[in-house]
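Trainee: Handing you this structure, nothing more for now.
Protein chains in written order, with my numbering: chain A, -5 to 274; chain B, 538 to 840.
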């Protein structure tokens, strides 16, 4: 290390100072969400812009859980996101494995096709999907959303799974195959357990993606019984009398699964991308 | 799955088919729900498709595009798309690069700070949109009052209902959300730079600014170019924040092309016209991609 003790101190305090600004900006909107959700109604507008409410209450959470449709929306969202995560991860494992282990005719075009669908503006499929799903009876149904979310998640999930399979030596299943196992058996019994962290990360990405999607959910499922959480919250917010407290409490509840998942995988995120970058 | 020892020939044929069997379910689903609808969607653009009118659906040639040329809202949305994309990408890139550089070297507390500053990236877009529209709302949020106190606004009004500045709201929300993404990608690229190079430069007496210019920047450049290119397309296409925060309003003043497609489909129920706008967006993005690739080609050949 060069430089005197003094310049080093200045450098590090600047370093921490700038980072502190980032931390504050990152947390402030979320802090505000939580703050309003625990401010009782009678002081909500009077102390609307105070940084700290003078008293706290969990009444809004009681309203959300006890007296609103949000539990139904939550249930719908958990079903849709959960099944989407499982289905897209299984399909992506299969195709990611194929991309990782085989060189086959048409591979270039298949990979290219997946990349193109990633880049295409999805708004263009919004009207055809609405028409097709309408005739198939898949509007106002959770199944319709699951199908569409699974399809949209697959390209990214496949590339993610492929990079995890690439990190596992081919010798492992080749040894098992010499011992008489089929490749499929070797894949399920040897390779899949080894990529468990990758499987969890992929499923988490797909879950989060489906959890927050709003455009297709808004267009396809207009009935309350098939609304997912984002749609429920957005329609709630456009009502004539808006109750901000319960809405923000619902928002905080929607954040919980996402935050848990994020703190579980975040360390892994940069590592995974580093491995990808090293490979080129 | 139990396989009763097939003959060598059957086994070889099965092995040749194997990669296709593995990737078939994913491909089938993508084809049915993305590729086919893309083709149908483009065909809608040349037809008169009204959702509630069963007699509609006939081919109208270029009529939808002729209407598009005369549609002031579309041209406004096109201008907004450029403003939206350029300002989102530029600021996300700038703040993301600084953040990545700050997080690159180990320091006490990094393992706590890093997840916190990356957190916005994990928040669902619709919730970011709602959260920020609450922050901009003077009844419940502090931002208008702060801006008023600082003299940035003449009255603590909601920026989202101001036709002059409504687009600024979603842009700020997008910068908050997308900065970690750039930071994560660039941090990953930074950590792939072998530390021996820095050590060698330090022994040679290179200062930190010089090290940044002669080592970090050249190493980061490829990642920067690819990330910026892909993010530009992605941000130009992403309309959730605008749909949630302003619905493109007031009076289409914060509409981008992607959100205009959605509002036309959702409110207008005029699917033919919505598809024509979407097709125009596809063509514009293709032109952008081709332009980028030819610039890259030119730069490569001029070396």
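Think of the CB as a built atom: it goes at the ideal place given N, C-alpha and C, for glycine as much as any other residue.
When burial is assigned at 16 or more other CB atoms within 10 Å of the CB, is residue 791 (chain B) buried or exposed?
Mentor: Buried, by the Cβ-count rule.
Trainee: Is it buried or exposed for residue 252 (chain A), if we count other Cβ within 10 angstroms and need 16 for buried?
Mentor: Flag for residue 252 (chain A) reads buried.
Trainee: Does residue 194 (chain A) have its Cβ less than 8 Å from a Cβ in chain B?
Mentor: Not an interface residue.
Trainee: How about residue 184 (chain A) and residue 167 (chain A): are their beta carbons less than 8 Å apart?
Mentor: Yes, Cβ-Cβ distance for residue 184 (chain A) and residue 167 (chain A) is below 8 Å.
Trainee: As an exercise, report each continuous alpha helix (DSSP H) stretch of at least 4 residues that is fully enclosed by the stretch 8 to 71 of chain A, in chain order.
Mentor: DSSP runs (the alpha helix (DSSP H)) wholly in the stretch 8 to 71 of chain A: 35 to 38, 53 to 61.
Trainee: Checking 8 Å against the spacing of the C-beta atoms, do residue 492 (chain B) and residue 778 (chain B) come in under that value?
Mentor: With chain B running from 538 to 840 in the structure shown, residue 492 (chain B) is simply not present.
Trainee: Quick check: residue 139 (chain A) and residue 223 (chain A), are their CB atoms within less than 8 Å of each other?
Mentor: Contact: no.
Trainee: Taking only three categories from DSSP, how would you classify residue 215 (chain A)?
Mentor: Residue 215 (chain A) falls in the coil class under three-state DSSP.
Trainee: Taking Cβ positions, are residue 78 (chain A) and residue 143 (chain A) nearer each other than 8 Å?
Mentor: It is a contact, given that the beta carbons lie within the stated cut-off.
Trainee: For the stretch 174 to 199 of chain A, which residues have a CB atom closer than 8 Å to at least one CB atom of chain B, in sequence order?
Mentor: Those would be 176, 177, 178, 179, in chain order.
Trainee: Do you know offhand how far residue 712 (chain B)'s Cα is from residue 583 (chain B)'s?
Mentor: Roughly 37 Å between the two C-alpha positions.
Trainee: Taking beta-carbon pairs under 8 Å, can you tell me which members of the stretch 226 to 240 of chain A lie near chain B?
Mentor: Under the 8 Å Cβ criterion, the stretch 226 to 240 of chain A contributes 227, 228, 231, 238.
Trainee: Just tell me which of B:753, B:592, B:722 has its CA closest to the CA of residue 733 (chain B).
Mentor: Checking every option, the nearest Cα to that of residue 733 (chain B) belongs to B:753.
Trainee: Please classify residue 584 (chain B): does DSSP put it in a helix, a strand, or coil?
Mentor: DSSP places residue 584 (chain B) in strand when its eight states are reduced to three.
Trainee: At what residue ranges does the stretch 151 to 192 of chain A contain a whole run of the alpha helix (DSSP H), taking only runs of 4 or more?
Mentor: If we require 4 residues or more, the alpha helix (DSSP H) runs fully inside the stretch 151 to 192 of chain A come out as 165 to 172, 177 to 180.
Trainee: Taking Cβ-Cβ distances shorter than 7 Å, what residues in chain D pair up with residue 13 (chain A)?
Mentor: Among the protein chains in the structure shown, which are A and B, there is no chain D.
Trainee: I need the straight-line Cα distance from residue 11 (chain A) to residue 631 (chain B), nearest angstrom please.
Mentor: The alpha-carbon atoms of residue 11 (chain A) and residue 631 (chain B) are separated by roughly 18 Å.
Trainee: Give me the Cα-Cα distance between residue 101 (chain A) and residue 761 (chain B), rounded to the nearest whole angstrom.
Mentor: One C-alpha to the other measures close to 28 Å.
Trainee: Out of B:611, B:636, B:674, state which residue places its alpha-carbon closest to the alpha-carbon of residue 727 (chain B).
Mentor: Out of B:611, B:636, B:674, B:636 has the C-alpha closest to the C-alpha of residue 727 (chain B).
Trainee: Got a sec? Which residues, its chain only, sit under 8 Å from residue 747 (chain B) by beta carbon, not counting five neighbours each side?
Mentor: Here the set comprises 738.
Trainee: Could you name the residues of the same chain whose beta carbon sits closer than 6 Å to that of residue 614 (chain B), not counting the 5 residues immediately before and after it, in chain order?
Mentor: The answer, listed in chain order, is 792, 793, 794, 797.
Trainee: Which same chain residues, not among the five before or five after residue 644 (chain B), have their C-beta less than 7 Å away from its C-beta?
Mentor: Once the five neighbours on either side are set aside, residue 644 (chain B) has no close Cβ partner at all.
Trainee: Have a look at residue 225 (chain A) and residue 214 (chain A) and give me their C-alpha separation to the nearest angstrom.
Mentor: Approximately 11 Å between the Cα atoms of the pair.
Trainee: If we call anything under 8 Å between Cβ atoms a contact, is residue 75 (chain A) one with residue 204 (chain A)?
Mentor: Yes.
Trainee: Out of curiosity, what's the CA-to-CA distance linking residue 827 (chain B) and residue 763 (chain B)?
Mentor: Those two C-alpha atoms are separated by around 14 Å.
Trainee: With distance defined between alpha-carbon atoms, name the residue in B:619, B:588, B:687, B:656 nearest to residue 250 (chain A).
Mentor: Taking only the C-alpha atoms, the option nearest residue 250 (chain A) is B:656.
Trainee: Could you work out which residues of chain A lie near residue 621 (chain B), taking near to mean beta carbons separated by less than 7 Å?
Mentor: Result: empty, since nearest Cβ-Cβ is about 14 Å, beyond 7 Å.
Trainee: What three-state label does DSSP hand residue 807 (chain B) in the structure shown?
Mentor: Correct three-state label for residue 807 (chain B): strand.
Trainee: Flag this pair as yes or no: are the beta carbons of residue 58 (chain A) and residue 244 (chain A) separated by less than 8 Å?
Mentor: Their beta carbons are under 8 Å apart, which means residue 58 (chain A) touches residue 244 (chain A) by this criterion.
Trainee: Got a sec? Which residues, its chain only, sit under 6 Å from residue 32 (chain A) by beta carbon, not counting five neighbours each side?
Mentor: Hits under 6 Å: 50.
Trainee: Is the beta carbon of residue 85 (chain A) less than 8 Å from the beta carbon of residue 148 (chain A)?
Mentor: Taking 8 Å as the Cβ cut-off, residue 85 (chain A) and residue 148 (chain A) qualify as a contacting pair.
Trainee: Just the C-alpha distance for residue 165 (chain A) and residue 220 (chain A), rounded to the nearest angstrom, thanks.
Mentor: For residue 165 (chain A) and residue 220 (chain A), the distance between alpha carbons rounds to 48 Å.
Trainee: Let me know the secondary structure DSSP gives residue 596 (chain B) once reduced to three states.
Mentor: Residue 596 (chain B): strand per DSSP, three-state reduction.
Trainee: Using beta-carbon positions only, say whether residue 9 (chain A) and residue 599 (chain B) come within less than 8 Å of one another.
Mentor: No; because the gap between Cβ atoms is not below 8 Å, this pair is not in contact.
Trainee: Could you check where the alpha helix (DSSP H) with residue 712 (chain B) kicks off and where it finishes?
Mentor: Looking at the DSSP string, the run of the alpha helix (DSSP H) that includes residue 712 (chain B) is 705 to 728.
Trainee: How far does the alpha helix (DSSP H) with residue 623 (chain B) in it reach, from first residue to last?
Mentor: Per DSSP, residue 623 (chain B) belongs to the alpha helix (DSSP H) from 609 to 641.
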